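Student:
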Amino acid sequence: MNLENPKKLRPIVEQARLVAENVFRPISRKYDNAEHAYPKELDMLAALLDGMNEGGARASANHLNRDDGDADAQAQKATRNGGNLTGVLGMMELCWGDCGLALTIPRQGLGNAAVSAVGTPEQKARFGKAWVAMAITEPSAGSDSAAIRTSAQRDGEEWVLNGEKIFVTAGERADAVVVWATLDPSLGRAAIKSFLVPKGTPGMKVARLEKKLGIRASDTATLVFEDCRIPKENILGSPEIDTAKSFAGVMKTFDNTRPIVAAMAVGVARAALDRAREILGRAGLLTRESRVFTAASVAESELHRLEAELEAARLLTMKAAWMADNGIPNSLEASMAKAKAGRVANEITLRAVELCGTSGYAEGELLEKWARDSKILDIFEGTQQIQMLIIARRLLGKSSAELR
Amino acid sequence: MAEVTARKKSSTFERVARGPLRLLTQFGGADFAERWRLRGPATKVLYHGAKTGMRAATTAVNGMTKASRLFGQPARLAPAPESALFDPTPTEEQTLIRDSMRRFADEVLRPAAYAADEATRSPREILEQSQGLGLAQLAIPEALGGMAEVRSHVAAALITEQLARGDMGLATAILAPLAVVHALVDWGTAEQQQQHLPAFLGDTFVPAAMALIEPRPLFDPMHPRAGAVRTDDGGWSLHGEKSLVPLAQSATLFAVVADVRGRGPQIFLLERKTPGLEIELEPAMGLRAAGTGRLKFNGARVSAGALLGGEEGRFDLGALVDRARVAWGAMAVGTCQAVLDYVIPYCNERQAFGEPVSNRQSVAFLIADMAIEIEGMRLLVHRAASLCERGGSIAREASLARTQCASKGMKIGTDGVQLLGGHGFVKEHPVERWYRDLRAIGIVEGALSV
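Chains A and B are the protein sequences, given in the same order.
To convert, take the position in the first sequence, counting from 1, and add 744; that gives my numbering.
To convert, take the position in the second sequence, counting from 1, and add 137; that gives my numbering.
In structure tokens form, the structure reads like this:
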């Protein structure tokens, strides 16, 4: 048993840290203010991060068969620390820098994870190097993914998409979008499939960009599809409507992406806690004692409590990612990590603002920005409430009809 | 449910150990191990126990024990080997130990918990049975007749969690002597180790307890007020008070933390019959099966040899506090797991408004929360334990584990009672006992150790 960051991943974590510190932090406030302006500074980053992306994609793609060529580990049947763990550790560091910017790094879209998880070799070849966004939510279907009304009709050699998608992260900047659509609304979840739509496809347009509470460096688009035609090969997974497993197929993506979002939350919370400790320490309000006792000051014991919460979230996240790396089903743990990290990050960033007073609240510090950014992390990729439903149903052995 | 079990591997040491098993039937505790199906780890414990026992017998004939061959040096445990990769799972051996502790907890501790809580003491038979688990063997170095080769705090945390899942009060009684054993192993002189440790390896349970906490609000374990003053004859005189000491009614040996002016807090080993030591039973809200009490020192006199580690000793109070915090964190995890395992079937069966109460989000989400927090607590405890066994300082990690386990543990305790409603408040169900026991986590310092 070892719950420390593995030595072999230190270089990549260090690299992510350098990017966070030297690339993200200096432009963090700039792109929070200049919402919808493309952070061109990130273009040069894409190449650098391709290595990390590749590791992540490989692990996502093969996360159920342990074949990443780690021959030594295989031979010894030892534990694997692969792309999923690398991904969450890297993401924690990047989001310590700026989570809005981390969300808009070219070729790091959530759609990339979907292509990796369920794409065919041909699709991976075509879209592996592209920046792929993910379009799920609709104006009247948020957490209830099964209520999706965007439709996909087969017409000869093509699929024809019609409908509206909202809250598409990187929807304007990405090269392609994975669109969730139903083959037949009367068949519910089983008929929901995902489709790859390259940018510039006639019939697809960016209808608007949202102005948001936080993660303002990342574009959030509304996409409209009007008789948007794509080749029949662009469906992700099988076109058959199999009531037993279809929806499970599209949901499987979440097992890989939820730990990533949990990692974002851990990174933002870490940033806020580090900064609050600096500010309170400089004000002479903290001791250097590493053991905290009941008699500690309010600020000290509060920081300590938040630190413990963050540590729990961080370890849950690492464990969920480690399970994916080792081919152990992790839906429950991925939801637990996401639920814990999302709420803890929101609490920590808000409390850090409060503990630092007006310095925390004013724009002279990034604390107020982190407190705005963190809110989305408890919402996207499944809200806190959805995670709780998933966890409770699993623990109690209940169907979605029994526990609604 | 919330635990990841180690993936199946062929059990190497079971194969290795099966051969000599036949030789072991005469070794004390073997029948017991059979009865509780403690095949795996007990096999190893017994195998090593018999091996070292025979070796001890041979060397005793030669008038020389292995320990004395260390030229009067005390035996210490080396750090566990470094591990390069992140891996949250126990080893195969740790899994087997954990699983047999779970069976012992389910079959022996849980059924006895209610009566022990009422009686404010642990039944002698259960303490004697626990001796057959070989827990001291796991903690005492081979050179002193045990089977420990390196530090094994993770195994200790797993054992603690499982026993507490059976009952926290009984687990406290069973594990209390090990805190004294650990202190002797880490800081005792060769003479102290040889004087005290062999008894813990025998067939009979040796009641002993570590006394650190003192009865005052906002107690800081790093600054105990109980003190020891040098006497004219080179011995020590102790003054002050210790509270919530387990096994107060039966312990024959107490390890007492007292401040020595100019040197800082030290441990003193006190026999029960020490003049000037007054023992008062003081049952509390919970941990009642542990038979807690106060120790009062009114110029209690002990010899120079009672100072743990002697004049050159390197006692580290911080390390003692940290390891206790990890152990109490593991206790919280175990008891919280018991709560979760209890409320799930209860809320699934309990009907209200024509359906199970667990069909309501207000109920179901409390249960989901329990599972999330337990897993987080467990990971914090395991991280501190695994860092500790590699020899690093765990001041920060142990503090974090304690903070999380104290606050979330109590939340789970109170939610457990809440989920049963009025039924949770009455003693027909164990949740009210778990509620009382879980309140201890934020209060206790010392007393146990991983």
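Glycine included, each C-beta is placed from N, C-alpha and C at the ideal position.
These numbers come from a predicted model, not from an experiment.
Between the stretch 1049–1056 of chain A and the stretch 533–540 of chain B, do at least 3 Cβ pairs fall closer than 8 Å?
Tutor: Yes, the stretch 1049–1056 of chain A is in contact with the stretch 533–540 of chain B.
Student: How is the beta strand (DSSP E) around residue 1118 of chain A delimited, first residue to last?
Tutor: Taken as a continuous stretch (DSSP letters only), residue 1118 of chain A belongs to no beta strand (DSSP E), being part of the alpha helix (DSSP H) at 1111–1121.
Student: Smallest Cα separation from residue 284 of chain B: which of B/213, B/353, B/299, B/333?
Tutor: The candidate whose alpha carbon is nearest that of residue 284 of chain B is B/213.
Student: Would you give the residue range spanned by the beta strand (DSSP E) that residue 401 of chain B belongs to?
Tutor: Residue 401 of chain B -> beta strand (DSSP E) spans 401–408.
Student: Hey, residue 1114 of chain A and residue 968 of chain A: beta-carbon distance below 7 Å or not?
Tutor: Result no, Cβ atoms of residue 1114 of chain A and residue 968 of chain A do not sit closer than 7 Å.
Student: What runs of the beta strand (DSSP E), each 3 residues or longer, lie entirely inside the stretch 274–333 of chain B?
Tutor: You should have found no qualifying run.
Student: So what does DSSP say about residue 875 of chain A, is it helix, strand or coil?
Tutor: If DSSP states are grouped into helix, strand and coil, residue 875 of chain A belongs with coil.
Student: Which value, in whole angstroms, describes the spacing of the CA atoms of residue 191 of chain B and residue 313 of chain B?
Tutor: In this prediction, residue 191 of chain B has a pLDDT of 42, which is less than 50 and means its spatial position is unreliable; what the coordinates show is noted afterwards. If I take the Cα positions, the gap works out to 28 Å.
Student: Check residue 230 of chain B in the structure and name its three-state DSSP category.
Tutor: Residue state, collapsed to three classes: helix.
Student: What does residue 122 of chain B reach in chain A if we use C-beta pairs closer than 7 Å?
Tutor: As shown, chain B starts at 138 and ends at 587. That puts residue 122 of chain B outside it, with no answer to give.
Student: So which residues on chain B does residue 1049 of chain A lean against when the C-beta distance must stay under 8 Å?
Tutor: The answer, in chain order, is 540, 544.
Student: Within 7 Å of any Cβ in chain A, is that where the Cβ of residue 388 of chain B sits?
Tutor: Chain A, which has no Cβ nearer than 7 Å to the Cβ of residue 388 of chain B, makes this no.
Student: Applying a beta-carbon distance threshold of less than 8 Å, which residues of chain B neighbour residue 1036 of chain A?
Tutor: Those are 536, 540, listed as they occur along chain B.
Student: Whose C-beta lies closer than 8 Å to the C-beta of residue 264 of chain B among residues of the same chain, with five residues either side of it excluded?
Tutor: Result list for residue 264 of chain B: 310, 311, 342, 344, in chain order.
Student: Please report the distance separating the alpha-carbon of residue 251 of chain B from that of residue 269 of chain B.
Tutor: Distance between the alpha carbons of residue 251 of chain B and residue 269 of chain B: 23 Å.
Student: With DSSP run on the structure shown, which of helix, strand or coil describes residue 377 of chain B?
Tutor: It is a strand residue.
Student: Considering only the beta carbon of each residue, do residue 471 of chain B and residue 298 of chain B sit closer than 7 Å?
Tutor: Closer than 7 Å, so yes.
Student: Quick check on DSSP: helix, strand or coil for residue 972 of chain A?
Tutor: Looking at residue 972 of chain A - three-state DSSP - the assignment turns out to be strand.
Student: Could you list the residues in the stretch 1074–1085 of chain A with a C-beta less than 7 Å from some C-beta on chain B, going in chain order?
Tutor: Correct list: 1080, 1083, 1084.
Student: Who are the neighbours of residue 752 of chain A on chain B, taking C-beta pairs under 8 Å?
Tutor: Under the 8 Å cutoff, chain B gives 221, 222.
Student: What does DSSP give as the partner residues of residue 915 of chain A in its beta bridges?
Tutor: Paired residues: none, contrary to the question.
Student: Whose C-alpha, out of A/932, A/1001, A/981, is nearest the C-alpha of residue 1069 of chain A?
Tutor: Taking only the C-alpha atoms, the option nearest residue 1069 of chain A is A/1001.
Student: If you draw a straight line from the C-alpha of residue 1109 of chain A to the C-alpha of residue 1076 of chain A, how long is it?
Tutor: Between residue 1109 of chain A and residue 1076 of chain A, the C-alpha separation is close to 37 Å.
Student: Chain B partners of residue 848 of chain A, CB-CB under 9 Å?
Tutor: Going along chain B, no residue has its Cβ under 9 Å from residue 848 of chain A, so there is no contact; the nearest lies around 29 Å.
Student: Listed in chain order, which residues of the stretch 451–466 of chain B have Cβ atoms closer than 8 Å to some Cβ of chain A?
Tutor: The stretch 451–466 of chain B vs chain A, Cβ under 8 Å: 455, 458, 459.
Student: Nearest to residue 385 of chain B by alpha carbon, out of B/575, B/362, B/432, B/421?
Tutor: Nearest C-alpha to residue 385 of chain B: B/432.
Student: Roughly how many angstroms lie between the CA atoms of residue 1131 of chain A and residue 1055 of chain A, to the nearest whole one?
Tutor: Computed Cα separation, rounded: 20 Å.
Student: DSSP on residue 368 of chain B, reduced to helix/strand/coil?
Tutor: Residue state, collapsed to three classes: coil.
Student: Could you pull the start and end residues of the alpha helix (DSSP H) that residue 852 of chain A belongs to?
Tutor: Counting along the chain, residue 852 of chain A falls outside any alpha helix (DSSP H), and DSSP gives it neither H nor E.
Student: Thinking C-alpha only, which one of A/943, A/1143, A/1087 is nearest residue 1120 of chain A?
Tutor: Considering only alpha carbons, the answer is A/1087.
Student: For residue 834 of chain A and chain B, any beta-carbon pair shorter than 7 Å?
Tutor: Judged by the 7 Å Cβ criterion, residue 834 of chain A is not in contact with chain B.
Student: So, for residue 836 of chain A: in the same chain, excluding its five sequence neighbours on each side, which residues have a beta-carbon less than 6 Å away from its beta-carbon?
Tutor: Only 1007, 1010, 1011 meet the Cβ criterion.
Student: Could you tell me which chain B residues have their CB closer than 8 Å to the CB of residue 1135 of chain A, listed as they occur along the chain?
Tutor: Per Cβ cutoff of 8 Å: 505, 508, 509.
Student: Considering only the alpha carbon of each residue, which of A/977, A/930, A/965 lies closest to residue 940 of chain A?
Tutor: The shortest Cα separation from residue 940 of chain A among A/977, A/930, A/965 belongs to A/977.
Student: Under 6 Å from any heavy atom of the ligand COA, does the C-beta of residue 341 of chain B make it?
Tutor: With respect to the ligand COA, the structure offers nothing, as it holds no ligand at all.
Student: What did DSSP end up calling residue 430 of chain B once you bin it into helix, strand or coil?
Tutor: Residue 430 of chain B: strand per DSSP, three-state reduction.
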